[in-house]
Amino acid sequence: MRLPPLAAALAAFAVAGGASVIAARTAVAVVEDVSLGEVRAALAAQGHDWAEVQADGLQVILEGAAPTEAMRFRAMSVAGGIVDASRVIDNMSVVEAELPPPPDFAIEILRNDSGVSLIGLIPAGTDRDALIARLEEAADGLPVTDLLDMADHPVPEHWPAALRYATRALETLPHSKLSVRPGRVRVEAISDSPEAQRELESTLTRLKPDTVRLTMRVSAPRPVITPFTTRFVIDEAGARFDACSADTPEAQSAITAAAAEAGAEGDLDCTLGLGVPTGQWGEAVARGIAALAEVGRGSITFSDADVSLVAAQGSDAETFDRAVGRLENDLPDFFALEAVLPEAPEARPEGAPEFTASLDGESGVRLSGRLPDPLASTTVETFARARFGSDVTMATRVTDGLPGNWSMRVLAGLEGLSLLSEGKLTVGPDAVAIEGLTGQKSASADIARLMADKLGQGANFDIDVSYEESLDPIAGLPTPEECLRQIAYVTADTKITFDPGSASITAEARPVVDDIAEIVRRCPELEIEVAGYTDSQGRDEMNLDLSQKRADAVVEALRRSRVPVAGFTPVGYGEADPIADNGTSEGREANRRIEFRLTGAQQTGSAEETTGVDEEAEGADETGEATEIDADAPQAMEKPGTGPRARPSEDDE
1 MRLPPLAAAL
11 AAFAVAGGAS
21 VIAARTAVAV
31 VEDVSLGEVR
41 AALAAQGHDW
51 AEVQADGLQV
61 ILEGAAPTEA
71 MRFRAMSVAG
81 GIVDASRVID
91 NMSVVEAELP
101 PPPDFAIEIL
111 RNDSGVSLIG
121 LIPAGTDRDA
131 LIARLEEAAD
141 GLPVTDLLDM
151 ADHPVPEHWP
161 AALRYATRAL
171 ETLPHSKLSV
181 RPGRVRVEAI
191 SDSPEAQREL
201 ESTLTRLKPD
211 TVRLTMRVSA
221 PRPVITPFTT
231 RFVIDEAGAR
241 FDACSADTPE
251 AQSAITAAAA
261 EAGAEGDLDC
271 TLGLGVPTGQ
281 WGEAVARGIA
291 ALAEVGRGSI
301 TFSDADVSLV
311 AAQGSDAETF
321 DRAVGRLEND
331 LPDFFALEAV
341 LPEAPEARPE
351 GAPEFTASLD
361 GESGVRLSGR
371 LPDPLASTTV
381 ETFARARFGS
391 DVTMATRVTD
401 GLPGNWSMRV
411 LAGLEGLSLL
421 SEGKLTVGPD
431 AVAIEGLTGQ
441 KSASADIARL
451 MADKLGQGAN
461 FDIDVSYEES
471 LDPIAGLPTP
481 EECLRQIAYV
491 TADTKITFDP
501 GSASITAEAR
511 PVVDDIAEIV
521 RRCPELEIEV
531 AGYTDSQGRD
541 EMNLDLSQKR
551 ADAVVEALRR
561 SRVPVAGFTP
571 VGYGEADPIA
581 DNGTSEGREA
591 NRRIEFRLTG
601 AQQTGSAEET
611 TGVDEEAEGA
621 DETGEATEID
631 ADAPQAMEKP
641 GTGPRARPSE
651 DDE
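Take the sequence shown: its position 197, counting from 1, is numbered 197 in my numbering, and each next residue is one higher.
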């Protein structure tokens, strides 16, 4: 049976269409396989094994996690070189890159007489302009050379605290190098003297915050010692140095070793200084101490090239001669030895001449005893007033028959006594004795050096001087907490008052301001926030402005009194943080106050003092004054409103 022509044609078209579809699909599959293979091979050849290739018809799809954005782009380029770039579909991701570790932020601050230089790397979050301004202020206006680089990384922990501390420390370090890192500060500085060195070390330690680790190396130039003196004594009290000087650490070790061998105990101090007469000093002094130890008791004094060995009365003559003879042969030719073996003294006649001077820290100095003539009396009185001030009491009398060097011994003794805080000088026919207390560690050595220089090598003098730290002007400085307590004490009964409605301190309040100024003079390097507060009466803006002006007025009054207020920061808080009920007159009076708070490194949290202020105001806020050691951890010594406060005036009601 034959198909109609139309049906035959349709059947032919259907068969041809099906064959075309099959052929097209076969061709697409072949193209997919070829493209997939060639793209994969090309990517592998270029080291992009991480890339996954898929095919969807004529499209080539790239998937996978590219190590970097550049690698992703290169993979796209490789695939686009094999097939038409429009056929390449990018479904790749980029591995999130790990943040590089933060750089080593550090600043080297160098200061000398010509200015300050900054070298290093700081985080971008550091206020560079403010840092330069603070350093210029700390360096008393000297130019600051900025050679800093910046890196856009987060500010490290404790970096701001280290910067603040370094800036504060720079104020006391005219010649120094400060190395600042997060939480660490290293100080290398040069001081003018050993005393200044101790003061710097004490100040730097006191200012250091807990979050900063401090390493410091403060050096002081060696003192010039004139005359270069060492005096070693062996008596009933034991063996000891009255004075000890050395030119090198090796000489120092040799001298102290000889002293220990001779019986000296404890921490033996021998000052390293300049002015040694010969490089053989250490050897000579060590031999001299050994000779005195062989004699048994007495003293040996080296003053430049002069050596004096004085044996104690009753020493064995044969032993003395043997020790002195050996010492004469052992000493370098540069030295001249004088050896004395005192004879037993004759009985001292009753009423033998004597001169005494008694020094008391409160009543001054009292002179009594014998002087040879009116000129000597006038000279001694004038010299004493020059050394001790006007508190000199004369109770001396002129007597004939005194030794020829009596006046020189008295004057030398008074000069030695002036190195003490309290003590006594006794000048007799046979010896000069000085005893007492001092706040200078070198006082005993200085007195020994002075007596040897003024009275000669063979002079007989005794020194019994004790060091007390409480008398040391540096070690005895009050702590910041003690300073704040003193301010609280002087303001407990006498208040700082202001003119009505203004920030002008009244004339009646000047004495208490002067008292506070005197305390601040004794308390250098204080860091204090002077905070002003008001009660809730009046507009907020007015109270805030008034509290700020009065805090400013207190700081300005102290500045005009010529006290260091560089660390004082006046801040007005208005009616914020009330400490009592503003609904009562007593509460409002308590809220009207100025608070002194330790800030920065000095904020140690020890105690709080509260005092008040009175003002004859009409419709205006009054400001009280409170002294606080630590606002964050107060341990109240007196509750607000319960201390001695002035009664408010009738206008306040």
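Positions of the beta carbon are idealized from the N, C-alpha and C atoms, including for glycine.
#### Entry: Residue(s) in a DSSP beta bridge with Asn-112
Gly-115
### Message
By the DSSP assignment, the beta strand (DSSP E) with Arg-87 in it spans what residues?
### Response
Taken as a continuous stretch (DSSP letters only), Arg-87 belongs to no beta strand (DSSP E), as it is neither H nor E.
### Task
Identify the continuous beta strand (DSSP E) that holds Thr-215 and give its terminal residues.
213 to 219
### Task
Using a threshold of 9 Å, state whether the C-beta atoms of Arg-409 and Pro-403 are closer than that.
yes
### Query
Applying the criterion that 16 or more other CB atoms from any shown protein chain within 10 Å of the CB defines a buried residue, is Glu-529 buried or exposed?
buried
#### Entry: Best match in Glu-250, Pro-564, Leu-526 and Leu-268 for proximity to Phe-596 [C-alpha to C-alpha]
Leu-526
### Task
Please check the pair Arg-449 and Thr-278, which I expect to be a contact at CB under 8 Å, by giving their CB distance rounded to whole angstroms.
About 18 Å; that fails the 8 Å criterion.
### Task
Return the CA-CA distance between Ile-496 and Ala-488, expressed in angstroms with no decimal places.
12 Å
#### Entry: Whether Tyr-533 touches Ala-576 by CB criterion (9 Å)
yes
### Task
Enumerate in chain order the residues of its own chain whose CB-to-CB distance from Glu-38 is below 7 Å, with the five nearest sequence positions on each side excluded.
Ile-82
### Query
In the structure shown, what three-state DSSP assignment does Ile-496 receive?
coil
### Query
Whose C-beta lies closer than 6 Å to the C-beta of Arg-366 among residues of the same chain, with five residues either side of it excluded?
Ser-358 and Thr-393
### Message
For chain D, check one thing: does any of its Cβ atoms lie closer than 9 Å to the Cβ of Tyr-165?
### Response
The displayed structure is made up of one protein chain only, and chain D is not part of it.
### Query
What are the boundary residues of the beta strand (DSSP E) that Val-571 is part of?
568 to 572
#### Entry: Whole-Å CB distance - Ala-166 paired with Ile-109, under 8 Å assumed
6 Å
### Task
Along the alpha helix (DSSP H) that carries Gly-664, what are the first and last residues, could you check?
Within the shown structure, residues of the chain are numbered from 1 to 653, placing residue 664 beyond reach of any answer.
### Message
Can you find the residues in the same chain that come closer than 7 Å, C-beta to C-beta, to Arg-240, ignoring five residues on each side of it along the sequence?
### Response
Val-233 and Ala-264
### Query
What's the C-alpha gap between Lys-177 and Gly-141?
18 Å
### Query
With distances taken between CB atoms, is the gap from Leu-341 to Gly-288 smaller than 9 Å?
no
### Query
Short check: CB of Arg-370 to CB of Phe-355, under 9 Å?
yes
### Query
Using the beta-carbon count (16 or more within 10 Å), is Pro-480 buried or exposed?
buried
### Query
Does DSSP put Thr-378 in a helix, a strand or coil?
helix
### Query
What do you get for Glu-171, buried or exposed, if any count of 16 or more other CB atoms within 10 angstroms of its CB means buried?
buried
### Message
DSSP three-state label for Ile-579, please.
### Response
coil
### Message
If I follow the unbroken alpha helix (DSSP H) through Gln-197, where does it start and stop?
### Response
194 to 207
### Query
Can you name the residues that DSSP bridges to Lys-177?
Leu-110 and Glu-188
### Query
Can you give the Cα-Cα distance for Arg-217 and Leu-204, rounded to whole angstroms?
11 Å
### Query
What is the rounded straight-line gap between the Cα of Val-554 and the Cα of Glu-518?
14 Å
### Message
Taking only three categories from DSSP, how would you classify Arg-521?
### Response
helix
### Task
Please work out which residues of its chain come closer than 7 Å, Cβ to Cβ, to Lys-441, disregarding the five sequence neighbours upstream and downstream, and give them in chain order.
Tyr-467
### Query
If you run the structure through DSSP and keep just helix, strand and coil, what is Val-530?
strand
### Environment of Pro-570 [buried if 16+ CB atoms lie within 10 Å]
buried
### Message
Please list the terminal residues of the continuous beta strand (DSSP E) segment that includes Gln-59.
### Response
59 to 66
### Extent of the continuous alpha helix (DSSP H) run through Gly-416
406 to 417
### Cα-Cα separation between Ala-531 and Gln-537, rounded to whole angstroms
18 Å
### Message
If distances are taken between C-alpha atoms only, which option among Ala-161, Ser-191, Arg-168 and Ile-190 comes closest to Arg-664?
### Response
Since the first residue shown for the chain is 1 and the last is 653, residue 664 is missing from the structure and cannot be characterised.
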